[in-house]
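To start, the structure itself, in structure tokens.
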Amino acid sequence: MAETKKGMGLTTQIFVGLILGIIFGYLFPKYGVALKPIGDMFIRMIKMIVVPLIFSSLIMGIAGTGNFKKLGRLGAKAILWFELATTLALIVGLFVVNVFQPGAGVAVGHVDASAAAAAAKKSIELTHMLVNIVPTNIIDAAGRGDMLQIIFFSTFFGVAAASMGAKGEPVVKLATSIAEIMFKFTYYVMRLAPIGVFALISHTVAMFGLGMLIPLAKLILSLYFALVVFVLCVLMGASAIIRVNFFHLLRAIKEPILIAFSTASSEAALPVAMEKLEKFGIPKHIVTFVLPTGYTFNLDGSTLYSALAVVFIAQVYGIHFPLSQQILMLLTLMLSTKGIAAVPGASLIVIAGTAAAFGLPVEGIAIILGIDRILDMARTACNLIGNCVATVVVARWENELPDDVLQVAYSQSYED
392 MAETKKGMGL TTQIFVGLIL GIIFGYLFPK YGVALKPIGD MFIRMIKMIV VPLIFSSLIM
452 GIAGTGNFKK LGRLGAKAIL WFELATTLAL IVGLFVVNVF QPGAGVAVGH VDASAAAAAA
512 KKSIELTHML VNIVPTNIID AAGRGDMLQI IFFSTFFGVA AASMGAKGEP VVKLATSIAE
572 IMFKFTYYVM RLAPIGVFAL ISHTVAMFGL GMLIPLAKLI LSLYFALVVF VLCVLMGASA
632 IIRVNFFHLL RAIKEPILIA FSTASSEAAL PVAMEKLEKF GIPKHIVTFV LPTGYTFNLD
692 GSTLYSALAV VFIAQVYGIH FPLSQQILML LTLMLSTKGI AAVPGASLIV IAGTAAAFGL
752 PVEGIAIILG IDRILDMART ACNLIGNCVA TVVVARWENE LPDDVLQVAY SQSYED
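Listed below in structure tokens is the structure:
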């Protein structure tokens, strides 16, 4: 998705839309609230791209690989990295919340615990999650946007199409055409991104205001600081180990990062991130397999937030939460935070379930509900960066992103 060489680039336009949206929502809250339908329309336009793009790209990528043993190896390496990254995210979250103690001194006051109670009634069991990976109806899965079920079906469909040889070629060619059309579709939709971002951020600021951030500013700053620490220490460290310039990668994916942050929607940034990573030199079959899978299993920002939020609730109520219990909580979250991306309000459900399991007041979630959008913007951006780094790590691990390709990608990142 090349930015126009004349005038202001798309990334700059999105950033300007973000800043103007904050100002507009603060100065004109009545009109800022009314802009919500425009922002929602933009998100819906992005979401309608995701399913056909993932389905067609996976089939094209798998058929292009042709080596099913290699595909299995690719999946194993991706899962191994996902587990390592999310575990480190949990550790960073626990470290920051214990050092800064953002919950200490926060007045509980009168909170609406109804949403917290509703979240507590829900649960995400590992066995149930594993069973739900397999769709009973792919049309239903596509309608719900269940990423993991779509990936499962598309992978099997791609393997079957590739194994058919000449008989499967028409389907593979059709998938290739659909994927190219969807990328062009994405290009058209992204022309509207500055307007969509302006509307979404205006509504957020108008609804919640800036004054309500002050009482919980320490929590906001703690989360943002923890996410920065994770990105700089873990993700930049991983990039250094595989000899990839982290800042060149950030430059290449700056557009999807801005979209993820301003919309607080991982899906909104997915099509653009896929295209940017391919331009960075990563083979299509790795991008189309690792990136969507990471959106389910590698939610670094959300995982870090879950650990931080549970301990925050204990601090708010002055409950002693020893390190031994925190380590047990970490082990619990290592499992419960996997495969939850398609569940609405998944982070709150995980936090509620974990808090209840360790005897903490679940109604404490109601304290952070008001600023959850502000927190969600940061953790969504971190989720995106983490998955882009994961894709690069797997590509280098597979020796499919050689140094000469990287050099070309580096030079192109300055041109975009």
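The sequence shown maps to residues 392 to 807 in this note's numbering. All C-beta atoms, glycine included, are put in the ideal place defined by N, C-alpha and C.
For I710, no alpha helix (DSSP H) segment is defined, and its DSSP state is neither H nor E.
For D537, there is no enclosing alpha helix (DSSP H), as DSSP marks it with neither H nor E. Only residues of its own chain outside the window of five on either side were considered, and among them L409, V588 and I592 have a CB closer than 6 Å to the CB of S653, listed in chain order. Taking C-alpha positions only, L479 is separated from G556 by approximately 43 Å. Counting only the Cα atoms, A608 lies some 16 Å from V490.
Boundaries of the alpha helix (DSSP H) harbouring L661: S657 to K670, taken from the DSSP string.
By the beta-carbon neighbour count (other beta carbons within 10 angstroms, threshold 16), S545 is buried.
The three-state secondary structure of G496, taken from DSSP, is coil. Of the residues Y708, I572, F703 and S693, the one whose Cα lies closest to the Cα of R764 is S693.
Under the three-state reduction of DSSP, V785 is assigned to helix. Beyond the five residues adjoining it in sequence on each side, M598 comes within less than 7 Å, by CB distance, of V424 in the same chain, given in chain order. Taking a contact to require three or more Cβ pairs closer than 8 Å, the segment 434 to 452 and the segment 557 to 569 qualify as touching. Between the beta-carbon of I756 and that of L610 there is about 12 Å, and that puts the pair past the 8 Å contact cut. Here DSSP, grouped into helix, strand and coil, assigns M720 to helix. The C-beta of L690 has 16 or more other C-beta atoms within 10 Å across all chains shown, which makes the residue buried. Here the C-alpha atom of R435 lies approximately 14 Å from the C-alpha atom of F576.
Straight through space, the alpha carbons of T477 and L695 are spaced by roughly 8 Å. The Cβ atoms of S697 and G484 lie closer than 9 Å to each other.
DSSP, read as helix, strand or coil, puts M627 in helix. Taken atom to atom, the span from the alpha-carbon of A533 to that of I445 is near 10 Å.
Relative to the Cα of L726, the nearest Cα in the group T745, Q716, D531 and I437 belongs to T745.
Judged by DSSP in its simplified three-state form, G556 adopts helix. Boundaries of the alpha helix (DSSP H) around E646: K645 to T654.
Per the coordinates, the alpha-carbon of V488 lies some 12 Å from the alpha-carbon of V707. When rounded, the separation of the alpha-carbon atoms in K427 and Y417 is 15 Å. Boundaries of the alpha helix (DSSP H) harbouring M598: A584 to F599, taken from the DSSP string. Setting aside the 5 residues that flank it on each side, S613 is surrounded in the same chain by V487, F491 and P493, each with a C-beta closer than 6 Å to its C-beta; the list follows chain order. For the set I704, A800 and Y801, the Cα lying nearest the Cα of A495 is the one of I704. Comparing alpha carbon positions, the residue from I524, R535, G672 and D531 closest to F547 is I524. Here the segment 620 to 630 does not lie against the segment 401 to 408, with fewer than 3 beta-carbon pairs under 8 Å apart.
For A800 against G672, the beta-carbon gap comes to about 4 Å, under 8 Å, which counts as contact.
Around the beta-carbon of R582, fewer than 16 other beta-carbon atoms lie within 10 Å, marking it exposed.
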